[in-house]
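Novice: Pasting a structure here, questions to come.
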Amino acid sequence: MFIRARRRAEQLDLDLTGSWRAAEAAAIESELAGIELAGARQATLSAADASFDLSGAWLLHDFLQRARLAGITAQFEGTEPSALALIERTYSGEMPVEVRHEPSPGPESAVEDLGRRTVRGWHGLLLALDFGGRVSLSALHGLMHPRQLRPIAIARHIYDTGITAIPIVSVVGFLISVILAYMGAQELRRFGADIFVVDLVTIGVLRELGVLLTAIILAGRSGSAFAAELGAMQLNEEIDALNAIGVDPIAALVVPRLLALMLVLPLLTIAADVIGLVGGALLCHELLDMPVLQYLNRAQSAIADTTFWVGMIKAPVFAALIAVAGCACGLRVRGSSRELGRLTTLAVVASIFGVIVADALFAVVFMRLDI
Amino acid sequence: MTTLLEADGIVTRFGTQTVHDGLDMRVEQGEVFGVIGGSGAGKSVLLRTILGLRRPSAGTVRFLGRDLHSLDRNELRQLKASYGVTFQQGALFSALTVQENVQLPMIEHLQLSQRSLDELALLKVRLVGLPLEAAQKFPSQLSGGMIKRAALARALALDPVLLFLDEPTTGLDPISAAAFDELLIYLQRELKLTVVMITHDLDTIFRTCSRVGVIIDGRMISGTLAEIVQDPNPWIRAYFGGERARVRAAALQAAPPGAIGATHGA
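Going line by line, the protein sequences match chains A and B.
Residue numbering for the first sequence follows the working numbering, beginning at 82 and increasing consecutively.
Residue numbering for the second sequence follows the working numbering, beginning at 150 and increasing consecutively.
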């Protein structure tokens with residue numbers, strides 16, 4: 082109980098008791114809401130037995146405001162709580178400002194929205210091209226002046242993105258060949274064409290899946306790490322500090338990551354290819370009772386000279402896409418930790434999307450070239 | 150006067166390094182207690198210990214006579230609602246607006262209607278002297294001084310009786326720092342707050358603090374400002390030995406500390 086209310090015709094007597102503290106605010110609020118104001122003209126409050134903190138006083142202040150609007154004149158018996166005066170003083174400092182409301186969207190706003198999105202998308206594309214261009218120039222400059230490259234940074238990124246990724250890439254490479262072999266064996270056995278399982282596994286792994294899955298793993302592992310790392314540096318003003326020292330952040334942060342990833346992704350692809358082929362041999366042996374020697378012979382004739390290189394040539398391109406997308410997103414982080422999360426997500430989505438689009442383009446080009 | 154906060158024999162060790170070696174500290178209700186000490190003396194660690202964010206290697210921390218580490222979850226939660234903290238960098242939640250930052254402790258601890266939450270948050274925003282437009286801004290859009298004020302508004306969200314401030318005026322220009330001190334004195338008097346403040350700012354110490362504790366060699370030397378200024382300890386002599394401090398200390402001797410009310414006009 083915080084209020085004892087007595088009603089005599091148009092007279093309302095309110096005895097305030099207890100401690101009106103923030104911790105009790107919910108109970109006080111509901112008690113105040115329960116007081117019947119209709120029909121009353123005068124209210125007398127006595128606050129001698131109550132103590133107030135600011136939240137409690139505000140609830141009282143708010144109640145008095147409502148009473149005043151209902152045409153009730155309120156007065157205190159004895160002294161007024163001092164916190165009330167503090168609230169009055171705080172409010173009188175400024176005119177109350179209306180809380181802004183967003184206008185509800187009309188039919189024209191759809192067009193406006195479409196326009197905004199288009200322009201924003203176009204700007205995004207320009208920014209991406211600009212960033213890609215600056216990174217390429219910086220990387221080319223670095224390659225022409227190898228002394229200015231940062232070998233220690235590159236080595237660290239090779240370790241982080243490459244060496245530590247070997248186990249997961251190997252396991253995925255193996256599992257992919259298992260999937261291909263099972264799928265192929267089931268279908269091809271019906272035509273008595275078991276032997277073509279070897280073609281399926283070797284060509285599939287070498288041309289497409291080895292490099293594609295390695296790239297997707299690195300996009301998830303390293304693309305996100307790049308974005309998060311650079312984003313956190315951006316939030317901590319480390320990027321600004323680098324700029325102020327006269328170090329180009331692109332040369333110092335982006336180029337080492339780019340070069341490391343372009344070196345690492347082909348190597349990891351080779352690992353995935355090898356494990357994939359070994360897995361294929363194992364599966365053919367277990368599933369189809371095919372001697373390993375026969376597998377090797379068949380693989381030899383299935384693979385053209387170009388098969389391996391068709392896969393390998395994609396690796397540096399995918400690596401560049403992943404590194405640039407990750408770093409670009411990281412450097413775009415501004416202001417808040419939520420932005421960091423959003424752009425890290427975007428980095429992964431954009432790099433996987435980019436890798437798959439690039440792969441599709443490669444497929445078309447290779448078909449035209451008849452490779 | 151009742152003792153609000155007591156730390157007895159606090160020992161803090163990081164590996165082989167001993168930061169606090171039997172540190173005692175006592176904060177009375179209604180005072181502004183300044184904690185000073187060299188860099189690395191363990192001021193912020195002491196704050197974290199008092200707040201219960203880290204356990205000391207030995208020693209006890211008592212709020213109103215109750216040992217912090219004997220409280221159960223619920224009591225600890227209630228205790229945390231009765232003190233407010235501002236951190237060195239503000240530590241505002243960057244994904245929330247100022248108003249939402251102030252509301253967060255209220256939403257966690259009070260079951261109020263949305264309207265009351267909004268109004269109370271805006272009241273706190275005004276109380277610390279921020280313009281109302283600032284309520285809808287994100288921390289990244291605020292200046293350093295506004296961040297400190299917004300952090301203070303969040304610390305005041307639950308009407309605490311005890312306020313901890315970690316370097317509240319560090320990084321502010323002298324005018325903003327003076328304005329912040331004024332605000333602090335005003336709020337301390339109006340809201341009957343007890344304030345524990347870590348600071349390096351001599352002006353802030355002389356303007357606001359009624360008592361001062363100096364952390365030296367893992368222990369605390371504390372007393373009224375006038376006593377501490379006279380202390381023979383070499384570090385304290387060096388600290389208060391500068392030109393600016395001497396002038397202020399002389400003024401302090403001339404007009405003994407009625408501290409808070411006296412330094413602030415109206």
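Just so you know, even glycine gets a beta-carbon here, dropped at the ideal spot from N, CA and C.
1) Can we say the segment 318-336 of chain A touches the segment 276-287 of chain A, given the rule of at least three CB pairs closer than 8 Å?
2) Have a look at A:A148 and A:T125 and give me their C-alpha separation to the nearest angstrom.
3) Going along the chain, which residues of its own chain have a beta-carbon closer than 8 Å to the beta-carbon of A:I297, five neighbours each way excluded?
4) Which one or two residues does DSSP pair with A:S100 in a beta bridge?
5) When the cut-off is 8 Å and only beta carbons count, does B:L332 lie next to chain A?
6) For the segment 254-318 of chain B, list the alpha helix (DSSP H) runs that are entirely contained and at least 4 residues long, ordered along the chain.
7) Round the Cβ separation of A:I403 and A:G304 to the nearest angstrom and send it over; I've been treating them as touching at under 8 Å.
8) According to the neighbour-count rule (16 or more other Cβ atoms, all chains shown, within 10 Å of its Cβ), is A:E175 buried or exposed?
9) Would you grab the beta carbon distance between B:Y232 and B:P309 for me? Rounded to a whole angstrom, and I think it's under 8 Å.
10) From the DSSP output, in three-state form, read off B:T167 for me.
11) According to the neighbour-count rule (16 or more other Cβ atoms, all chains shown, within 10 Å of its Cβ), is B:Q337 buried or exposed?
12) Here's the rule I'm using: 16 or more other beta-carbon atoms within 10 Å means buried, otherwise exposed. How should A:M448 be labelled?
13) Is it right to say B:F163 is buried, meaning 16 or more other beta carbons lie within 10 angstroms of its own, or is it exposed?
14) To the nearest angstrom, report how far apart B:L314 and A:V430 are at their CA atoms.
15) So, helix, strand or coil for A:T426, using DSSP?
16) Does the CB of A:G115 have a neighbour CB from chain B at under 8 Å?
17) In chain A, which residues lie less than 8 Å from B:E108 when you measure between Cβ atoms?
18) May I ask you to list the residues that DSSP assigns as paired with A:Q156?
19) Alpha carbons only, please: which of A:A444, A:I276, A:G243 is nearest the one belonging to A:L377?
20) For B:D173, which residues in the same chain have their Cβ closer than 7 Å to its Cβ, ignoring the five residues on either side in sequence?
21) Could you tell me the boundaries of the beta strand (DSSP E) in which B:F182 lies?
22) Compare the C-alpha of B:L351 against each of B:L276, B:Q166, B:R397 and name the closest.
23) Confirm, please, whether the CB-CB distance from A:A322 to A:R231 is below 8 Å.
24) Any idea if B:S265 is buried or exposed, counting beta-carbon neighbours within 10 angstroms, 16 or more meaning buried?
25) Do B:G372 and B:R360 count as a contact pair if the criterion is CB distance below 8 Å?
26) What are the boundary residues of the beta strand (DSSP E) that includes A:A86?
27) State the Cα-Cα distance for the pair B:I347 and B:I364, rounded to the nearest angstrom.
28) Kindly identify the DSSP beta-bridge partner or partners of B:I364.
29) Which ranges would you report for the alpha helix (DSSP H) in the segment 276-302 of chain A if only whole runs of at least 4 residues count?
30) Buried or exposed for B:I185, please, with buried defined as at least 16 other CB atoms from any protein chain shown within 10 angstroms of its CB.
31) Kindly indicate if chain B contains any beta-carbon less than 8 Å away from that of A:F83.
32) Take every Cβ of the segment 114-123 of chain A, pair it with every Cβ of the segment 140-157 of chain A, and state whether three or more of those distances are shorter than 8 Å.
33) What in chain A is Cβ-close to B:L307, meaning under 8 Å?
34) From which residue to which residue does the beta strand (DSSP E) around B:G208 run?
35) Within the 8 Å Cβ cut-off, does B:F287 reach chain A?
36) Helix, strand or coil for B:R162? Go by DSSP, reduced to three states.
Specialist: Taking the definition as stated:
1) no
2) Numbered from 1 along the first sequence, position 67 holds the residue referred to as residue 148 of chain A. Numbered from 1 along the first sequence, position 44 holds the residue referred to as residue 125 of chain A. When rounded, the distance between both Cα atoms is 12 Å.
3) For the purposes of this step, residue 297 of chain A is taken as residue 216 along the first sequence, with counting starting at 1. I433, V436.
4) Numbered from its first residue, the first sequence carries residue 100 of chain A at position 19. According to the DSSP secondary-structure assignment, A:S100 is paired through a beta bridge with A:S132.
5) Counting from one through the second sequence, the residue named residue 332 of chain B turns up at place 183. Taking Cβ atoms only, chain A never reaches closer than 8 Å to B:L332, which makes this a no.
6) 263-276, 293-304
7) Walking along the first sequence from the start, residue 403 of chain A turns up at place 322. Walking along the first sequence from the start, residue 304 of chain A turns up at place 223. Right, the Cβ-Cβ distance comes to about 5 Å (below 8 Å), so this counts as a contact.
8) Mapped onto the first sequence, residue 175 of chain A falls at position 94. Residue placement at A:E175 is poorly supported in this model, since its pLDDT is 49, which falls under 50; the coordinates still yield a value, given next. The residue is exposed, with fewer than 16 neighbouring Cβ atoms inside 10 Å.
9) As a working mapping, residue 232 of chain B is identified with position 83 in the second sequence. As a working mapping, residue 309 of chain B is identified with position 160 in the second sequence. Rounded, the Cβ-Cβ distance is 5 Å, consistent with contact.
10) Residue 167 of chain B sits at position 18 when you count from the first residue of the second sequence. Strand at B:T167.
11) On the second sequence, position 188 is the one that residue 337 of chain B refers to. Under this definition B:Q337 is a buried residue.
12) Stepping through the first sequence from its first residue, residue 448 of chain A is reached at position 367. Per the 10 Å Cβ criterion, exposed.
13) Reading the second sequence from its first residue, position 14 is the one you call residue 163 of chain B. Within 10 angstroms of the beta-carbon of B:F163 lie fewer than 16 other beta-carbons, which makes it exposed.
14) On the second sequence, residue 314 of chain B is found 165 positions in, with the first residue counted as 1. On the first sequence, residue 430 of chain A is found 349 positions in, with the first residue counted as 1. The alpha-carbon atoms of B:L314 and A:V430 are separated by roughly 42 Å.
15) Here residue 426 of chain A is taken as the residue at index 345 of the first sequence, counted from 1. Three-state DSSP puts A:T426 in a helix.
16) Counting from one through the first sequence, the residue named residue 115 of chain A turns up at place 34. Not an interface residue.
17) This structure gives no information on residue 108 of chain B, because the portion of chain B shown stretches from 150 to 415.
18) Residue mapping note: residue 156 of chain A aligns to position 75 of the first sequence, counting from 1. According to DSSP, A:Q156 bridges with A:T125.
19) Position 296 of the first sequence holds residue 377 of chain A. Closest option to A:L377, Cα to Cα, is A:I276.
20) In the second sequence, counting from the first residue as 1, residue 173 of chain B sits at position 24. If we look at B:D173 and ignore the five residues flanking it on each side, its Cβ neighbours are A156, D157, G158, M369.
21) By 1-based counting over the second sequence, the position of residue 182 of chain B is 33. DSSP places B:F182 inside the beta strand (DSSP E), whose first and last residues are 181-186.
22) For the purposes of this step, residue 351 of chain B is taken as residue 202 along the second sequence, with counting starting at 1. For B:L351, the nearest C-alpha among the options comes from B:R397.
23) Taking the first residue of the first sequence as 1, we reach residue 231 of chain A at position 150. Taking the first residue of the first sequence as 1, we reach residue 322 of chain A at position 241. No.
24) Residue mapping note: residue 265 of chain B aligns to position 116 of the second sequence, counting from 1. That one is buried.
25) Counting from 1 along the second sequence, the entry for residue 360 of chain B is found at position 211. Counting from 1 along the second sequence, the entry for residue 372 of chain B is found at position 223. It is a contact, given that the beta carbons lie within the stated cut-off.
26) Residue numbering aside, residue 86 of chain A sits at position 5 when the first sequence is read from its first letter. For A:A86, the enclosing beta strand (DSSP E) starts and ends at 84-89.
27) The residue you call residue 347 of chain B lines up with position 198 of the second sequence. The residue you call residue 364 of chain B lines up with position 215 of the second sequence. In a straight line, the C-alpha of B:I347 is about 11 Å away from that of B:I364.
28) As a first step, residue 364 of chain B must be located in the second sequence, where it is residue number 215. DSSP lists B:G186, B:M369 as partners of B:I364.
29) 277-284, 291-299
30) Within the second sequence, the letter at position 36 stands for residue 185 of chain B. With 16 or more Cβ atoms within 10 Å of its Cβ, B:I185 is classed as buried.
31) Walking along the first sequence from the start, residue 83 of chain A turns up at place 2. No, because no Cβ of chain B sits closer than 8 Å to the Cβ of A:F83.
32) yes
33) Here residue 307 of chain B is taken as the residue at index 158 of the second sequence, counted from 1. Correct list: A103, A104, S136.
34) By one-based count along the second sequence, residue 208 of chain B stands at place 59. That run of the beta strand (DSSP E) goes 207-212.
35) Working through the second sequence from its first residue, we reach residue 287 of chain B at position 138. By this cut-off, B:F287 is an interface position.
36) Taking the second sequence and counting its residues from 1, the one referred to as residue 162 of chain B is at position 13. Strand at B:R162.
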